[in-house]
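Take a look at the structure below.
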Amino acid sequence: MTTPSRASLHDRHREVLPDWLALYYDEPIELTHGEGRHVWDAEGNKYLDFFGGILTTMTAHALPEVTKAVSEQASRIVHSSTLYLNRPMVELAERVAQLSGIPDARVFFTTSGTEANDTALMLATAYRRSNQILAMRNSYHGRSFSTVGITGNKGWSPTSLSPLQTLYVHGGVRGRGPYAHLSDAEFIDACVADLRDMLGQTRGNVAALIAEPIQGVGGFTSPPDGLYAAFRDVLREHGILWISDEVQTGWGRTGEHFWGWQAHGQSGPPDILTFAKGIGNGMSIGGVVARAEVMNCLDANSISTFGGSPITMAAGLANLSYLLEHDLQGNARRVGGLLIERLRAIAASAPGVREVRGRGLMIGIELESPGPGPDAAQVIESCRARGLLIGKGGGHDSSVLRIAPPMSLTVAEAEEGAGILERALKSSPAGD
Numbered sequence: 123m124t125t126p127s128r129a130s131l132h133d134r135h136r137e138v139l140p141d142w143l144a145l146y147y148d149e150p151i152e153l154t155h156g157e158g159r160h161v162w163d164a165e166g167n168k169y170l171d172f173f174g175g176i177l178t179t180m181t182a183h184a185l186p187e188v189t190k191a192v193s194e195q196a197s198r199i200v201h202s203s204t205l206y207l208n209r210p211m212v213e214l215a216e217r218v219a220q221l222s223g224i225p226d227a228r229v230f231f232t233t234s235g236t237e238a239n240d241t242a243l244m245l246a247t248a249y250r251r252s253n254q255i256l257a258m259r260n261s262y263h264g265r266s267f268s269t270v271g272i273t274g275n276k277g278w279s280p281t282s283l284s285p286l287q288t289l290y291v292h293g294g295v296r297g298r299g300p301y302a303h304l305s306d307a308e309f310i311d312a313c314v315a316d317l318r319d320m321l322g323q324t325r326g327n328v329a330a331l332i333a334e335p336i337q338g339v340g341g342f343t344s345p346p347d348g349l350y351a352a353f354r355d356v357l358r359e360h361g362i363l364w365i366s367d368e369v370q371t372g373w374g375r376t377g378e379h380f381w382g383w384q385a386h387g388q389s390g391p392p393d394i395l396t397f398a399k400g401i402g403n404g405m406s407i408g409g410v411v412a413r414a415e416v417m418n419c420l421d422a423n424s425i426s427t428f429g430g431s432p433i434t435m436a437a438g439l440a441n442l443s444y445l446l447e448h449d450l451q452g453n454a455r456r457v458g459g460l461l462i463e464r465l466r467a468i469a470a471s472a473p474g475v476r477e478v479r480g481r482g483l484m485i486g487i488e489l490e491s492p493g494p495g496p497d498a499a500q501v502i503e504s505c506r507a508r509g510l511l512i513g514k515g516g517g518h519d520s521s522v523l524r525i526a527p528p529m530s531l532t533v534a535e536a537e538e539g540a541g542i543l544e545r546a547l548k549s550s551p552a553g554d
């Protein structure tokens with residue numbers, strides 16, 4: 123039931139904020155506080171959080187180590203800009219550069235994943251002196267003018283105008299499209315042949331390929347391991363850069379790898395890597411890592427007012443230290459593996475579930491659309507009513523539930539969430 127205070131806030135939201143600023147749920151909720159893997163709304167309802175504010179609460183809500191770091195830094199200085207030396211920024215850059223796997227790495231901090239991808243595009247186009255970009259079908263890279271121009275998902279592309287010439291490549295979606303029936307090896311060969319054909323028909327020097335190792339908004343879809351390594355070999359023949367968008371896949375969330383690109387690392391690391399979301403655990407941090415030759419190619423001054431602020435860098439350092447010291451990548455692998463198997467067992471008897479896929483704590487449940495079971499909106503409503511928050515996504519012909527809890531998730535919490543999902547998938551009138 124909608125309370126007067128919730129209805130009033132919703133009405134005020136609609137009066138002053140854009141119509142396109144979508145909210146989850148028929149009766150949107152206001153989250154007021156969190157702890158661990160749980161959050162509470164303004165009415166006191168407790169929820170198990172399986173989406174982490176879009177994969178951003180990476181370690182835990184109200185993590186004491188991060189809270190302390192932010193408080194202590196705020197008591198000293200909150201802001202300085204990049205015009206002055208900033209110890210927390212240098213220290214976090216050193217750690218990220220070392221972890222990136224990119225040789226002679228340089229790091230630039232931004233305030234979001236969109237801005238990080240914007241920066242990567244600026245670097246690539248300046249380095250190659252070309253505005254031609256290869257991107258993946260069904261992809262998402264942000265909401266700015268340039269990143270919308272490389273997004274291959276029409277539901278998230280409000281304009282077709284773009285400063286870039288974008289060519290869309292096959293391969294990001296394994297289970298749909300013209301190559302879905304092929305074996306993994308044949309799929310890779312077909313996608314490589316398509317890439318070679320596209321480059322053969324393209325005039326000029328293509329600047330870069332940008333790709334998410336696992337597509338986020340697109341429904342946690344991914345190609346067979348090794349596809350981007352095979353692409354990398356072709357790109358290298360033409361001098362084309364490889365940008366790995368790790369905004370959702372970074373920091374060990376997939377369990378098997380610290381970065382998503384490492385599933386495709388047979389031909390070496392990417393030239394440019396972008397990151398955001400989880401590193402700040404809710405604080406606004408994004409960034410770009412590139413080998414020095416690429417990062418230093420700009421021949422004009424550039425600064426950032428808010429990127430790399432002392433307070434966000436302090437949060438990032440504390441959060442990254444906690445993640446590494448507590449082996450949350452290993453936890454994502456162990457608990458995520460158990461959760462995926464549990465969800466696959468549920469899907470076997472749930473109407474309308476097409477596929478359960480994922481790695482670590484990055485899991486997608488694709489629903490048949492249309493199908494005999496509930497649609498994604500019905501399932502997330504049913505989960506919320508039972509005390510579980512999840513996300514949704516997909517492309518123009520798919521509907522996917524997205525599951526990405528904080529990486530400190532326990533086995534008991536995974537089982538609790540799976541039980542709620544089972545009831546939600548089976549209890550809707552459409553799924554009876």
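Quick note: the sequence shown uses the working numbering, first residue 123, plus one each step.
Ideal placement from N, C-alpha and C gives every residue a C-beta, glycine not left out.
Bridge-paired residues (DSSP) for residue i
i: Arg413; result: Ala227
i: Phe397; result: Gly409
i: Ser521; result: Leu489
i: Met403; result: Here residue 403 turns out to be Asn, not Met, going by the sequence shown. For Asn403, which the question treats as bridged, DSSP gives the partners Met405.
i: Ala257; result: Tyr290 and Ile332
i: His183; result: Gly158
i: Gly264; result: Paired residue(s): none; Gly264 is not in a bridge.
Residue i to residue j span [Cα, whole Å]
i: Ala552; j: Pro494; result: Confidence at Ala552 is low in this model, with a pLDDT of 40, below 50, so its placement is unreliable and the value that follows should be read with caution. If you take the alpha carbons of Ala552 and Pro494, they lie about 7 Å apart.
i: Pro186; j: Met405; result: 14 Å
i: Ser203; j: Thr247; result: 26 Å
i: Glu538; j: Asp316; result: 44 Å
i: Pro150; j: Val138; result: 16 Å
i: His132; j: Gly322; result: 53 Å
i: Asp554; j: Arg464; result: With a pLDDT of 41 at Asp554, under the threshold of 50, the predicted position of this residue should be treated as unreliable, though the coordinate-derived value follows. Approximately 21 Å between the Cα atoms of the pair.
i: Phe230; j: His518; result: 34 Å
i: Val339; j: Pro392; result: 22 Å
i: Arg128; j: Glu368; result: 36 Å
i: Leu543; j: Thr427; result: 43 Å
i: His303; j: Arg476; result: 15 Å
i: Ala440; j: Leu446; result: 10 Å
i: Ala238; j: Thr269; result: 10 Å
i: Arg466; j: Leu531; result: 19 Å
i: Ser284; j: Gly271; result: 5 Å
i: Asn253; j: Thr273; result: 15 Å
i: Tyr146; j: Ala422; result: 43 Å
i: Ile407; j: Ala398; result: 6 Å
When the options are compared against residue i, the one with the closest alpha-carbon
i: Asn327; options: Ala436, Leu256 and Ser431; result: Leu256
i: Leu221; options: Val411, Thr154 and Arg198; result: Val411
i: Arg265; options: Asn275, His135 and Leu446; result: Asn275
i: Gly541; options: Phe172, Gly156 and His155; result: Phe172
i: Met180; options: Ser520, Gly452, Ala526 and His263; result: Ala526
i: Gly387; options: Thr376, Gly348 and Arg136; result: Gly348
i: Ala330; options: His379, Gly294, Ile512 and Tyr290; result: Tyr290
i: Val416; options: Ile365, Lys168, Ile468 and Ala436; result: Ile365
i: Tyr262; options: Leu286, Thr236, Gln287 and Ser282; result: Thr236
Nearest-angstrom Cβ-Cβ length linking residue i and residue j, presumed shorter than 8 Å
i: Thr232; j: Gly482; result: About 25 Å separates the two Cβ atoms, so there is no contact after all.
i: Thr371; j: Arg296; result: Their Cβ separation, rounded to whole angstroms, is 16 Å, which puts Thr371 and Arg296 out of contact at 8 Å.
i: Ala242; j: Ile394; result: 5 Å
i: Cys505; j: Tyr249; result: Wrong, their Cβ atoms sit about 45 Å apart, outside the cutoff.
i: Met484; j: Thr376; result: 6 Å
i: Gly341; j: Gly223; result: Not confirmed; about 27 Å, so no contact.
Quiz prompt | Runs of alpha helix (DSSP H) lying entirely within the segment 435-513, each at least 4 residues, in chain order | solution = DSSP runs (the alpha helix (DSSP H)) wholly in the segment 435-513: 450-469 and 498-507.
Practice problem: Note down, one range per segment and in chain order, each alpha helix (DSSP H) of at least 4 residues found wholly within the segment 343-379. | Solution: With a minimum length of 4 residues, the continuous alpha helix (DSSP H) runs that stay inside the segment 343-379 are 349-360.
Self-check item: Contained beta strand (DSSP E) runs [length at least 3] in the segment 123-173, N- to C-terminal order
Solution: Every beta strand (DSSP E) stretch that sits fully inside the segment 123-173 and reaches 3 residues is listed by chain position as 153-157, 160-163 and 168-171.
Practice problem: Identify every run of the beta strand (DSSP E) within the segment 270-331, keeping only runs that are complete inside it and at least 3 residues long; order them along the chain. | Solution: Within the segment 270-331, the complete beta strand (DSSP E) runs of at least 3 residues are 287-291.
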